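Protein chains in written order, with full-length UniProt numbering: chain Z, 1 to 72; chain C, 1 to 466.
By construction, the Cβ of each residue, glycine as well, lies at the ideal position given by its N, Cα and C atoms.
Values in this document were obtained by computation on a predicted structure and should not be read as measured data.
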């Protein structure tokens, strides 16, 4: 019996997808359906802002930053 | 040029043919459209066809190449006596342009000079200063330069503020002026694009306040053909035109001593509207953006960017400083210079405000210092590779774009996932149906799932098949 589920289809890099999967492992509160290909998954609509903020924050920490030189 | 032209052109192309018929009655309009709106090739065609007695057969014209002029209702197709499809220049346009080119007596289409000299004549420098002050006042109102301690000597009329609001360039929240995303895009554009943007908003809103938009539009074209530094009689203008004149004075597009004065002066903002001079070498850009008081020569940008992301802006205008500070970490401010650095944080902050990387780059490009242009032009000629010379350091522009991309790591589409189909056949039909009605975003044949933006029709389709 086919079903329809409401959600947000997310299209992203595999690296971002794996981060989302990792967040979901904690409380299973993000993902509606993991679509089993490298760059798609369906998440809960209400979690988008939260997810974006969390990704931005983590990416900021993880991406190597050139130290902003203060010497002029 | 292309970007500066596209918006007025788009707007005009959307107008109905009858509007053009009325517009082209005026020689000044025909000339303005011809000078400013047509690409060079189209100008060639129009010139070639203008004095032909008979329409030119289509086959002959298509030998030259296809033309877009039909959209502006300049060319029309007719059938000649020998039943050949042919092009001709449409009538009010042709006669008006001929009149404009050859000059005709007692036409008021190009304005009427004041016969009596003004007792206190206004010089071109005064007009430039007036235009600059008013225009910066408008932009300053939008970005809120008062926070930077800028002079607030410009009083904007209610009409100006309403127009900015109607164009969704600013929003009023709790009596505070908040600039919108569109507004940010607007303030970073070059001046002639901005003026056109405002004028089109004005024409669009003209109907709402009981004015004839065709009359306003042809009056704008008239203004654009006037001569800088000359004063013009107001007594030949209609009441609608007088009203427009007063409104435009608020923007600094025309100058009149008082609304009751008998004469008016067009400023550089008006006279360069339909001229071919590019916005970059346009002196008004210089006088508007350059340090107050200096008369900007041609190509007077003021921003220097180095490959190490440092930015030096030779300006003391509070407006320009606050614009630059939207996407730069400013560090030092000197009487005629601010310096800072474009950083990942500063660009991301700008992007969060809704400014795009392309807007930042085009702003930097249109205000690049002549030294920067000269240096890179010289550099490009020594470099024989076929890469077009870039005025800004490519490392900086690329990095600004990359910083923007960093923000968009995922794309979200709201909708519905259909799943749990038991057989392949059961899955395929609705999936195909969804694709046909254009709601399908993603599908996986292997998992027998698909994602659609709207589910009502697909659900109805599933029910109907049971």
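Asked, Found
"Pair within 8 angstroms by beta-carbon distance, residue 235(C) and residue 264(C)", "no"
"Distance cut-off 7 angstroms: residue 429(C) Cβ against heavy atoms of the ligand COA", "This structure simply doesn't include the ligand COA, nor any ligand for that matter."
"Inter-residue Cα distance where the pair is residue 374(C) and residue 393(C)", "13 angstroms"
"Assumed close pair residue 322(C), residue 136(C) - CB separation to whole angstroms, cut-off 8 angstroms", "The pair is not a contact, with the Cβ atoms about 11 angstroms apart (cut-off 8 angstroms)."
"Local Cβ density within 10 Å of residue 341(C), reported as buried at 16 or more and exposed below that", "buried"
"Spatially closest choice to residue 123(C) from 140(C), 255(C), 24(C), by CA coordinates", "255(C)"
"Residue 20(Z), DSSP secondary structure in three states", "helix"
"8 angstroms contact criterion, which residue 39(Z) and residue 13(Z) should meet: CB distance rounded", "6 angstroms"
"Cβ of residue 421(C) within 8 angstroms of any chain Z Cβ", "yes"
"Minimum Cβ-Cβ distance from residue 2(Z) to chain C less than 8 angstroms", "yes"
"Residue 27(C) burial status per 10 Å Cβ neighbour count (16 or more: buried)", "buried"
"Cutoff 8 angstroms: residue 415(C) Cβ touching any chain Z Cβ", "yes"
"DSSP state of residue 290(C) mapped onto helix, strand, coil", "Since pLDDT at residue 290(C) reaches only 38, below the 50 mark, its modelled position is unreliable, and no value is offered."
"Separation of residue 326(C) from residue 143(C), as counted between CA atoms", "10 angstroms"
"Residue 439(C), enclosing beta strand (DSSP E) - first and last residue", "No beta strand (DSSP E) contains residue 439(C), which DSSP labels as neither H nor E."
"Cα-Cα separation, residue 437(C) to residue 425(C)", "19 angstroms"
"Proximity of residue 467(C) and residue 413(C) at Cβ, strictly below 8 angstroms", "In the structure as shown, chain C starts at 1 and stops at 466, and residue 467(C) therefore has no counterpart that could be examined."
"Own chain residues within Cβ distance below 6 angstroms of residue 206(C), not counting five before or after", "213, 216"
"Any chain Z beta carbon closer than 8 angstroms to residue 424(C)", "no"
"Span separating the alpha-carbon of residue 279(C) from that of residue 455(C)", "Residue placement at residue 279(C) is flagged as unreliable, the pLDDT there being 37, under the threshold of 50; the coordinate-derived value follows with that caveat. If I take the Cα positions, the gap works out to 49 angstroms."
"Residue-chain proximity (residue 16(Z), chain C), Cβ-Cβ < 8 angstroms", "yes"
"Given 8 angstroms, three or more beta-carbon pairs between the stretch 182-191 of chain C and the stretch 216-226 of chain C", "no"
"Beta-carbon gap between residue 309(C) and residue 343(C) smaller than 8 angstroms", "yes"
"Near-chain C residues of the stretch 43-58 of chain Z - C-beta to any C-beta below 9 angstroms", "43, 45, 48, 51, 52, 55, 56"
"Contact set between residue 411(C) and chain Z, taken where Cβ atoms lie within less than 9 angstroms", "9, 10, 11, 12"
"Beta-carbon proximity of residue 268(C) to residue 127(C), cut-off 8 angstroms", "yes"
"CB contact below 8 angstroms: residue 403(C) versus chain Z", "no"
"CA-to-CA distance, residue 259(C) to residue 243(C), given in whole angstroms", "9 angstroms"
"Inter-residue spacing [alpha-carbon to alpha-carbon] between residue 71(Z) and residue 305(C)", "Residue placement at residue 71(Z) is flagged as unreliable, the pLDDT there being 42, under the threshold of 50; the coordinate-derived value follows with that caveat. When rounded, the distance between both Cα atoms is 17 angstroms."
"Member of 48(Z), 52(Z), 42(Z) whose CA lies at the smallest distance from the CA of residue 9(Z)", "42(Z)"
"Among 350(C), 195(C), 368(C), 163(C), the one whose alpha carbon lies nearest that of residue 209(C)", "163(C)"
"Spatial distance of residue 461(C) from residue 430(C) (CA atoms)", "7 angstroms"
"Coarse secondary structure for residue 413(C), derived from DSSP in three states", "strand"
"Proximity test, Cβ basis, 8 angstroms: residue 37(Z) and chain C", "yes"
"Neighbourhood of residue 160(C) by C-beta, 7 angstroms cutoff - its chain only, sequence neighbours within 5 removed", "138, 250, 251"
"Burial state of residue 28(Z), where buried means 16 or more other Cβ atoms lie within 10 Å", "exposed"
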